[in-house]
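K.L.:
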Amino acid sequence: MSGNPRQRKAPRGDGPSSEKVTEIGSSHHRDDSTETPSQAVIALDIARLIVGLLLVNVLLSYFITGDSFTWGYRAWWLRPRTIYQFFSTPVILTDAELARYDGRNESLPIYLGLNGTIYDVTAGRLTYGPGGPYNHFAGRDAVRAFVTGCFDEDGNPDLRGVEWTYVPKDVPRYEEKSDEQLTVEERDYRVAMVAQAQEQVAGTVQGWADLFQGRSGKDYFEVGRIQRAADWAEREPIKELCATAEKMRPRTNLQGNDAGAKYRGGKKRP
Numbered sequence: 017m018s019g020n021p022r023q024r025k026a027p028r029g030d031g032p033s034s035e036k037v038t039e040i041g042s043s044h045h046r047d048d049s050t051e052t053p054s055q056a057v058i059a060l061d062i063a064r065l066i067v068g069l070l071l072v073n074v075l076l077s078y079f080i081t082g083d084s085f086t087w088g089y090r091a092w093w094l095r096p097r098t099i100y101q102f103f104s105t106p107v108i109l110t111d112a113e114l115a116r117y118d119g120r121n122e123s124l125p126i127y128l129g130l131n132g133t134i135y136d137v138t139a140g141r142l143t144y145g146p147g148g149p150y151n152h153f154a155g156r157d158a159v160r161a162f163v164t165g166c167f168d169e170d171g172n173p174d175l176r177g178v179e180w181t182y183v184p185k186d187v188p189r190y191e192e193k194s195d196e197q198l199t200v201e202e203r204d205y206r207v208a209m210v211a212q213a214q215e216q217v218a219g220t221v222q223g224w225a226d227l228f229q230g231r232s233g234k235d236y237f238e239v240g241r242i243q244r245a246a247d248w249a250e251r252e253p254i255k256e257l258c259a260t261a262e263k264m265r266p267r268t269n270l271q272g273n274d275a276g277a278k279y280r281g282g283k284k285r286p
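In terms of our numbering, the sequence shown opens at residue 17 and continues consecutively.
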């Protein structure tokens, strides 16, 4: 009795067709496996190139500058003492306590204050220590002198009225002429010039803060703040502008002289 063709079993999966499918699948698998090593080699080459360029840059920086691997730039995270201070408790001192850190006691660091912030300038002992040209700044907050350049008269933290260092001489002071004695144009001019001068004071103070925070490459850093009464400034009368600062005032609407711009190595701030 002949069998029913419809009941014939399907051929096993070991025929030519299956082999082709297997070969194709294997071929695809081999292609995928060969791409991975190629990509890894490319990534490794790129990494080697970057490392090589960095190494050349570091060596070139030291060859040209003679003492720096980073072209003179010293970020805070490249300075061990700054890193240590970053994780330390902030130093809180009164003005009287700050006076002990003027460099005369070599067992103590040299601190100076700037607008209420304390900075460690021990690395500049030859500059801020005893006998140094800027020792008068050590152990106190003399931010007013940093603006006016009057080191002897303005060794204090009172910035009230110091903006007149940058106000043109053709602008009358408020005690000289009241608003009622000025024309509208003169009054507006005075307001504009005083506001501009106040901005310049803020820029000058920030310029010194940048220096003492080590942003210019010097090994100075911030350590804390000065503790004062909230009304400490109001307890003293507003100081007159020192003779040197008065003499250096601009004649007209021009940028005033920043006494410390040259020392800081930065540009004058507007």
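From the three backbone atoms N, C-alpha and C, an ideal C-beta is built for every residue, glycine too.
Work out the CA separation of G219 and T105 for me, nearest whole Å.
P.N.:
28 Å
K.L.:
Taking 8 Å as the threshold, find out whether the region 74–81 comes into contact with the region 205–222 through three or more Cβ pairs.
P.N.:
Verdict: no, contact absent.
K.L.:
Taking the CB atoms as reference points, tell me whether R265 and T181 lie closer together than 8 Å.
P.N.:
yes
K.L.:
Here's the rule: buried if 16 or more other CB atoms are within 10 angstroms of the residue's CB, otherwise exposed. What is R189?
P.N.:
exposed
K.L.:
Identify, in the order they occur along the chain, each residue of the same chain with its Cβ nearer than 7 Å to the Cβ of T268, setting aside the five sequence neighbours on each side.
P.N.:
P184 and D186
K.L.:
Thinking just about the alpha-carbon of each residue, which of D204, R156, R64 and P149 is nearest to the one in N131?
P.N.:
R156
K.L.:
Please determine, among A245, L60 and I254, the residue with the shortest C-alpha to C-alpha distance to V178.
P.N.:
Checked all of A245, L60 and I254; the closest Cα to V178 is I254.
K.L.:
With a Cβ-Cβ cutoff of 8 Å, do L108 and G119 count as a contact?
P.N.:
At residue 108 the sequence reads Ile, which differs from the Leu that was named. Taking 8 Å as the Cβ cut-off, I108 and G119 do not qualify as a contacting pair.
K.L.:
Could you give the first and the last residue of the continuous beta strand (DSSP E) run that contains V136?
P.N.:
Val is not the amino acid found at residue 136; the sequence shown has Asp there. D136 -> beta strand (DSSP E) spans T133 to D136.
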